[in-house]
Amino acid sequence: MRFGVAFILALLLCRVAVAADAPTPLKPGEGAEAATGYCNACHTSDYIIMNSVFMSPAAWKSEVAKMRAAFGAQIDDGVAAKIAAYLAANYGVAAKP
34 MRFGVAFILA LLLCRVAVAA DAPTPLKPGE GAEAATGYCN ACHTSDYIIM
84 NSVFMSPAAW KSEVAKMRAA FGAQIDDGVA AKIAAYLAAN YGVAAKP
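In structure tokens form, the structure reads like this:
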């Protein structure tokens, strides 16, 4: 009986752990699908949301460029511009004076 209870608890804990690894959906908008597809290929969208509290629109543009140049993200110029514009519009904060 104890084994059965322990087994069920273990299954429940595993389910919670798997659910925690699911990426948080991005805000809807023009470019969201591209951002989700390309960015989630390497990391979850949680990184976008986590960094959104201090990233200006210019910083997002720079971040997308860095992902391409430094990390080898296979994103063409048009899609990169679309992703940067989406991130700036939906997760950018105003630049500090």
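Just so you know, the sequence shown maps onto residues 34 to 130 in the working numbering. All residues carry an ideal CB built from backbone N, CA and C; glycine is no exception. In this text the structure is predicted, and so the values were computed from the model without any measurement.
Judged by DSSP in its simplified three-state form, LEU120 adopts helix. Secondary structure note for VAL86: it is in no alpha helix (DSSP H), with a DSSP letter that is neither H nor E. Scanning its chain for C-beta atoms nearer than 6 Å, with the 5 sequence neighbours on each side dropped, one finds around THR69 the residues LEU59, in chain order. Separation of the CB atoms of VAL97 and ALA67 is rounded to 11 Å, and the pair is thereby denied contact status at 8 Å. Of all alpha-carbon atoms in TYR124, ALA106, LYS94 and ALA92, the one lying nearest the alpha-carbon of HIS76 is that of ALA106. The C-alpha of SER78 is placed about 14 Å away from the C-alpha of GLY64.
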